[in-house]
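One structure below.
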Amino acid sequence: MTTAVELARIVEALLFLSPEPVSVAELAEACESSEAQVQSAVDVLADELAEGRRGVVLKEAAGGLTLATDPVAETPARRLLARPRTPPLTQAQAETLAIVAYLQPVSRPEIARIRGVSSESAVATLTERGLIEESGRSRFGAVIYRTTPLFEKLFGLRGLDQLPDPSRFDPTPEVEGELRERLLRAGEQRAES
Amino acid sequence: MTTAVELARIVEALLFLSPEPVSVAELAEACESSEAQVQSAVDVLADELAEGRRGVVLKEAAGGLTLATDPVAETPARRLLARPRTPPLTQAQAETLAIVAYLQPVSRPEIARIRGVSSESAVATLTERGLIEESGRSRFGAVIYRTTPLFEKLFGLRGLDQLPDPSRFDPTPEVEGELRERLLRAGEQRAES
Amino acid sequence: MRTAELQLDLETFSGPFDLLLTLVLREEIDLMDVDLGEVVIAYVEHLERTGELDLEATTEFLVLIAALLELKSRLLLPREEDEVELGPHDAADELLARMLEYRRYRDAAAHLVELFAAERPHLYRSAPLPVALRRVSLEAARPSYAPEQLGEALGGLLRVPPAPDVSHIRPTVSLERRLRVLREVLGRAKRFSFDEMFADEDRLTQAVTLFALLELHRRGEATWEQPEVLGPIEIVRSP
């Protein structure tokens, strides 16, 4: 019988090799162990690879487990691999990504309707960066989009349900009332003047 | 100042990220440390990642240091990740494989002359899939190739003498000459046309 | 500049954009009569003139104009009998709902940007799988290909193509011209390196030049030296 410590070694090796996050169920199948045994092994590994202990840390992302480097190595790593810091998201990209993340699957016309602008280039860049992908076509033939596991990985999300409730971003009734008033009044004053 | 332990963490992260072996000199440059400091860190790491301790082990390879998985994980890794793919051969791959199968051992320049085009990518794919392998170098230093036992198994052959008789497929059986000679001649004529 | 202050000079309306908006909302101007394309052109011209792009203001403008376009497109389409007519307040509500929806995703976007920044120092490995995992193992291998495919490929390689018709191709490099070039160079220099002088020429030109060199050698005008096989060739003018 494989001990938790030995199973932890195997899990570490599997996560090292796998380009994608791996779920406990997948690990259990590969190791021919029960999910409970793998979970104990993962606990052992999580302890060994706790933040600040080694060069790599264990992370949960996109419904699975994955290894990532500790932030301590970021600058040397970018020097060694000549990998420039990934550019931050532009406002257009971030808005488009937020719409896809919350409303997926969502079509491009829908994104454009909400943003009020054609969002072609933002959609193209996000697709190219692997953060969103096509997931079919709508009834009307428009391409529809969803987020990718890479999105969850790069944004530190264990799953899409980790996104904060969107109502959190709704304006307070006061702000809403103010907007409404501004909209109706701005011109009235002008019309009178 | 970075301690050897902290430097060991960074080195571990760098080796984790790099698909190729990394030399101590390269590590020192990336960490902005001296080679002696990096060497101490490597010693610390070699101890931590000694065979049998974790899922990955520190290895010295041509050109530097690299991380590899412990053999204990081999079978689970195969179950989780192996993609034993035998996709149909492209025309370029089929031609290249036919040349190697019938003429082996055969050098890469000969393959290119017979096909009339550089066949690097076909040779690389066939090598990667384990259908052909290097079997030494010609007098002029060119790599020479032969087929592998895996090739015979995937083609259902019990030996190379089971390859179909080429005369069955010969468009001009009346032409005299040895197979290799005729292939080279035809290739050169194609290249000229 | 605030979007509201954009000055418009249209056929049916002259004044600031927010006034137009309000007049439309109060149905004092018929949206059917407003050329929204011209409003967009006015805005773009304004941007060009000032040379500055206030993203916030531009976004606001785009959301508003998009809402106007949608309202107008509804007016243009035949109305269902039982559909309630859009009053000014309905239109304002519509516009407001539109702006609120947009603001929600704008703020969610800001949150995503924060998450992204926090995760950026973590890097992930991206390396190909070890070779052993990328190919079929010998034990597991089953016949998957037909040997005839190899025979057919070989047969195709044995086929000799018909000689191409070259009658329409005229040689483009003349021996005379290359002789002239060589004599010119030798007139200027007593000795020179073939490789350096003709490295940039195409293969055919190099070959014909070499041929011309043989001719010069035959006539006693020049000699050449090549100390090692495949090494550089030095051309020397004969005394």
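Residue numbers (numbering that gives the first Met the number 0), protein chains in the order written: chain A, 0 to 192; chain B, 0 to 192; chain C, 0 to 238. Cβ coordinates follow ideal geometry from the N, Cα and C atoms, glycine included.
Mind checking if F168(A) is an interface residue toward chain C, Cβ cutoff 8 Å exclusive? Taking Cβ atoms only, chain C reaches closer than 8 Å to F168(A), which makes this a yes.
Of all Cβ atoms in chain C, is any one closer than 8 Å to the Cβ of F139(B)? By this cut-off, F139(B) is not an interface position.
Output the distance between the C-alpha atoms of E119(B) and Q188(B), rounded to the nearest integer angstrom. 21 Å
Can you name the residues of chain B whose CB is closer than 7 Å to the CB of L75(A)? Position check: residue 75(A) holds Pro in this sequence, whereas Leu was assumed. Within chain B, the residues near P75(A) are I9, L13, A29, C30.
Starting from I110(B), follow the alpha helix (DSSP H) in both directions and report where the run begins and ends. 107-114
Is there a Cβ of chain C sitting closer than 8 Å to that of T124(B), yes or no? no
Whose C-alpha, out of Q36(B), P170(B), D164(B), is nearest the C-alpha of V159(C)? P170(B)
Can you say whether V41(B) is buried or exposed, counting buried as having 16 or more other CB atoms within 10 angstroms of its CB? Flag for V41(B) reads buried.
Mapping the DSSP letters down to three states, classify F193(C) as helix, strand or coil. Under the three-state reduction of DSSP output, F193(C) falls in the helix class.
Does I28(C) come out as helix, strand or coil in the three-state DSSP assignment? coil
Nearest-angstrom Cα distance between L99(C) and E175(A)? 8 Å
Any C-beta of chain B under 8 Å from that of L150(C): The identity of residue 150(C) in the sequence shown is Gly, whereas the question assumes Leu. Interface criterion met: the Cβ of G150(C) is under 8 Å from a Cβ in chain B.
Would P172(A) be called buried (16 or more neighbouring beta carbons within 10 Å of its own) or exposed? exposed
So, is the C-beta of S17(B) closer than 8 Å to a C-beta in chain A? yes
In DSSP terms, what S13(C) is bridged to: D8(C)
For G36(C), the first and last residue of its enclosing alpha helix (DSSP H): 35-49
Within 8 Å, strictly: CB atoms of E151(B) and G140(B): No; because the gap between Cβ atoms is not below 8 Å, this pair is not in contact.
Out of E34(B), L153(B), A76(B), S32(B), point me to the one whose CA is closest to E194(A)'s CA. With chain A covering only 0 through 192, there is no way to say anything about residue 194(A).
Could you spell out where the alpha helix (DSSP H) holding G135(B) opens and where it closes? From DSSP, G135(B) is part of no alpha helix (DSSP H) but of the beta strand (DSSP E) over 131-136.
Check whether the region 18-31 of chain B touches the region 52-68 of chain B, counting contact only when three or more Cβ pairs, one atom from each stretch, lie closer than 8 Å. yes
Nearest chain A C-beta to G54(B) closer than 8 Å, yes or no? yes
Compile a chain-ordered list of the residues in the region 93-110 of chain C whose CB is closer than 8 Å to at least one CB of chain A. L94, L95, R97, M98, L99, E100, Y101, R102, R103, Y104, R105, D106, A107, A108, A109, H110
Local conformation of V142(A) per DSSP, three classes: strand
Could you check the C-alpha separation between T147(A) and G135(B) for me, to the nearest Å? 45 Å
Relative to the alpha-carbon of D8(C), which residue among V207(C), E37(C), T21(C) has its alpha-carbon at the smallest distance? E37(C)
Assigned secondary structure, A60(A) (DSSP; H/G/I helix, E/B strand, else coil): strand
Tell me which same chain residues have a C-beta within less than 8 Å of the C-beta of G186(B), skipping the five on either side of it? Sequence-distant Cβ neighbours of G186(B) in its own chain, meaning closer than 8 Å and more than five residues away, are R112, I113, R114, G115.
Pick helix, strand or coil for I98(A), following the three-state DSSP scheme. helix
Beta carbon of V207(C) nearer than 8 Å to that of R177(C): yes
Answer yes or no: do Q92(B) and A121(B) have a C-beta to C-beta separation smaller than 8 Å? yes
Would you list the one or two residues that DSSP bridges to R236(C)? A221(C)
Taking C-beta pairs closer than 7 Å, name the residues in chain B that E147(C) reaches, listed in chain order. P163
Using beta-carbon positions only, say whether F168(A) and R103(C) come within less than 8 Å of one another. yes
In chain A, which residues lie less than 8 Å from S173(B) when you measure between Cβ atoms? The question names Ser, yet the displayed sequence has Glu at residue 173(B). In chain order: nothing, as chain A lies at least about 55 Å away.
With a threshold of 7 Å, establish whether the CB of A100(A) neighbours any heavy atom of the ligand ADP. The ligand content of the structure shown is nil, which means the ligand ADP is not present either.
For a quick check, are the C-beta atoms of I234(C) and A221(C) less than 8 Å apart? Yes, these two residues count as a Cβ contact at 8 Å.
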